[in-house]
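Note that the protein sequences, when read in sequence, are chains A and B. Those letters in the first sequence? Residues 1 to 256, per our numbering, in order. Those letters in the second sequence? Residues 1001 to 1174, per our numbering, in order. Every residue gets a Cβ at the ideal spot worked out from N, C-alpha and C, and that includes glycine. Since we're looking at a predicted model, the values are computed, not measured.
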Amino acid sequence: MGEFDKNIRFEHLLRLADTNLILGHRLSEWIGKAPILEEELALTNIGLDLIGQAAALYNHALEVSGESSVRDADDLVFMRDAAEYKNLLLVERENGDFGHTIVRQLFYSAFAVPVWEALTKSADSEVAGIAGRAAKESLYHLRHAAEWVLRLGDGTEESHRRVQDAVDALWMYTDEMFEMDEVETAALEAGHGVDLVAVRREWEKTIREVLAEATLKYPEKCWMLKGGRTGKHTEHMGHLLAEMQFLQRAYPGQKW
Amino acid sequence: MVDAATHPAGSGDETILDRARAALDQVCDPEIPVLTIRDIGILRDVRQDEDGTIEVIITPTYSGCPAMGMIAIEVELALARAGIDAHRVTLRHSPAWTTDWIPDSALEKLRAYGIAPPTKGSNSKRALFTNEVIACPRCGSSETDRISEFGSTACKALYRCRSCLEPFDYFKCI
C-alpha cells in the first residue's frame, strides 16, 4: 500500500457522500404524496439513513482534506454547484411514478450493499465504522425495494407495465456505477476502495433474481450514459440544487 | 476506561469522573425513555484528560437518527447540572453501533414498555425475501404481521398482533 493522495481520497469520499445525499433528497420529495402512509414513512426513513450516511462521510472527508476548520458539511451541500457534485446520474433522475422510484431504489440498494460491505474492510477505520452500520441499513433498503418490485411486477397488468418501463428507462444509468476510473483504482490500491468489478457481479445476480421473481424482463444491452462522477450531470441536477439550496443561497449562513 | 481510583479529586472519595459517570447514567434516550444511553450502547466511554476535562464518547445508532443531536445536548446538560463545566462530547463511528450491544436486562425493559426487542444478529442474513417471526410484546403471541419495516423512528418497524389485535413497534436490529 503506497501513499494515498489527499485530494484523491477526498474525491473518493465525496462521490459516495454526494450519491447518498442526492438520493436522500429525492426521497424526501415524496413527503406528502406517497401512495400510502406506511410507504411515505418508509421512503423518508430511507432518505434519512442516506442523508445521515452522507453527513458522516462529508465530515470525515473534511477531516481528511484538513478543511474541517474552514468549511463544514452544510457548506459542501448548500454551496457547491452542479459541476462540483460527483454523484451518480441514476440518483439525480426525477422521481417519476412510484414504480420509477422503487426501481431506482432497487438498482442503487443492490449496489450499496456490496459497496458498504467492502468498505467495512477499509484501511480508514472511520470509514470502516460508518460502513459497518450503513451496510446493515442498506440491506433493509434493498429488501424494501425488492419486495415492492415483486409486488408491482407480479401484480396487475398496469403495475407490471409501469415497473417494466422503469427498469428499461433507468437501465442506461447503471453502467456508471461500476466504472473503475483513476480515482476508484487509486482508492482500491490504497486499501480504501472497492473492487467495482466484483460488485457488478453481485449486483447483476441480485437484479436477475429479483426481476425473474417479479416476472420482469432483464434488459438487453443498450447505450449507457455516464458523467456524474466527474461532475457532468443531466438537466435534472440544476433543478434539484435550485430547490435544495435556495434558502442558503438567498440567506447565506442562516440557521434554524 | 480510566481507572477512577488513579484520579483522586478534591472533595472526599468521589472523583469528578465518578460524578460524571453517575450523572450520565441518568441520561435517557429521548425516543425510548425507559432506556438510558448506557443501556442502549450509545455511551461508549467517559474519561478524563490530563487537564481535568471530561470527555464523553458516544456512538450514533442508525445513520439517520435525528435524536443524536438531542442526545449530545442532554449529555452536556447532565454534566453541567453535576457542576462539571470542563467537558466535551466526541462522536465515534468505529466500531459501528449494533443492537447486539444492548444487554438482556435492557431488552426486557423494552418489552415491558411495549416495544418488541431486537433479535440478536438477525440482520446479518442476506436473504432478500424473509419474514421473521416477531412475538407481540403485549400478549406474547407469535401470530403477528409486519405492516412496515420502516416505522415511527429510524430504529423501529411497525407490526400488528393477530391474537390481541394491538399494533406494536419492533426495535429493528442492525
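Please name the residue or residues paired with residue 1088 of chain B in a DSSP beta bridge.
B:1055
Any contact of the region 134-150 of chain A with the region 105-118 of chain A, i.e. 3+ C-beta pairs under 8 Å?
yes
Under 8 Å, do residue 1032 of chain B and residue 1043 of chain B count as touching if we go by C-beta distance?
no
Starting from the Cα of residue 1020 of chain B, find the closest Cα among B:1075, B:1115 and B:1114 and give me that residue.
B:1075
Span of the alpha helix (DSSP H) around residue 1109 of chain B
1104-1113
Residues in its own chain within less than 6 Å of residue 49 of chain A by CB, not counting five upstream and five downstream?
137
Neighbouring residues, chain A, relative to residue 1093 of chain B (Cβ below 7 Å)
56, 126, 129 and 130
Which of helix, strand or coil does DSSP assign to residue 105 of chain A?
helix
Same chain, Cβ closer than 8 Å to residue 1116 of chain B, five either side skipped, listed in chain order
1110, 1134, 1135, 1136, 1137, 1159, 1168, 1169, 1170 and 1171
Label residue 222 of chain A either buried or exposed according to how many other C-beta atoms from any shown protein chain fall within 10 Å of its C-beta, with 16 as the threshold for buried.
exposed
DSSP three-state label for residue 1043 of chain B, please.
strand
Taking beta-carbon pairs under 9 Å, can you tell me which members of the region 132-144 of chain A lie near chain B?
132, 133, 134, 135, 136, 137, 139, 140, 142, 143 and 144
To the nearest angstrom, report how far apart residue 1011 of chain B and residue 56 of chain A are at their CA atoms.
Interpretation of residue 1011 of chain B is limited by its pLDDT of 48, a score under 50 that renders its predicted location unreliable; the figure taken from the coordinates is listed afterwards. Cα-Cα distance, rounded: 40 Å.
Please tell me whether residue 76 of chain A has its Cβ less than 8 Å away from any Cβ of chain E.
The chain inventory of the structure shown lacks chain E, comprising the protein chains A and B.
Per DSSP, what are the beta-bridge partners of residue 1170 of chain B in this structure?
B:1116 and B:1157
Closer than 7 Å by beta-carbon distance: list the chain B residues that pair up with residue 228 of chain A, in chain order.
The premise fails here: residue 228 of chain A is roughly 22 Å from chain B at the closest Cβ pair, so nothing lies under 7 Å.
Using a Cβ-Cβ cut-off of 8 Å, state whether residue 1028 of chain B counts as contacting chain A.
no
With distances taken from CA atoms, which of B:1060, B:1041, B:1145 and B:1150 is nearest residue 1092 of chain B?
B:1060
Can you tell me whether residue 1112 of chain B is buried or exposed, with buried defined as 16 or more other CB within 10 angstroms of its CB?
exposed
Residue nearest to residue 91 of chain A in terms of C-alpha spacing, selected from A:84, A:212 and A:107
A:107
Does any CB atom of chain A fall closer than 8 Å to the CB of residue 1171 of chain B?
no
Count the C-beta pairs between the region 78-88 of chain A and the region 147-155 of chain A that are closer than 8 Å, then say yes if the count reaches three, no if not.
no
Among the candidates B:1156, B:1154, B:1147 and B:1088, whose CA atom is the shortest distance from the CA of residue 1165 of chain B?
B:1147
The alpha helix (DSSP H) enclosing residue 279 of chain A, as first and last residue numbers:
With chain A running from 1 to 256 in the structure shown, residue 279 of chain A is simply not present.
Just verifying my parser: in three-state terms, what is the DSSP assignment at residue 81 of chain A?
coil
Ranges of the alpha helix (DSSP H) found wholly within the region 20-106 of chain A, counting only runs of at least 4:
37-64, 73-78 and 89-92
C-beta atoms of residue 83 of chain A and residue 238 of chain A nearer than 8 Å:
no
Can you confirm whether residue 1040 of chain B, when its beta carbon is compared against all beta carbons of chain A, has any partner nearer than 8 Å?
no
Here's the rule: buried if 16 or more other CB atoms are within 10 angstroms of the residue's CB, otherwise exposed. What is residue 1149 of chain B?
buried
Which term fits residue 1068 of chain B, buried or exposed, when burial requires 16 or more other beta carbons within 10 angstroms of its beta carbon?
buried
Quick check on residue 1150 of chain B - is its C-beta less than 8 Å from some C-beta in chain A?
yes
C-alpha distance - residue 9 of chain A paired with residue 189 of chain A, whole-angstrom precision
12 Å
Anything in chain A within Cβ reach of residue 1097 of chain B, meaning under 7 Å, just list it in chain order.
133
For residue 34 of chain A, which of A:23, A:14, A:97 and A:147 has the nearest alpha-carbon?
A:97
DSSP three-state label for residue 1048 of chain B, please.
strand
Give the residues of chain B in contact with residue 31 of chain A, contact being defined as C-beta atoms less than 7 Å apart.
Correct list: empty, because the minimum Cβ distance to chain B is about 13 Å.
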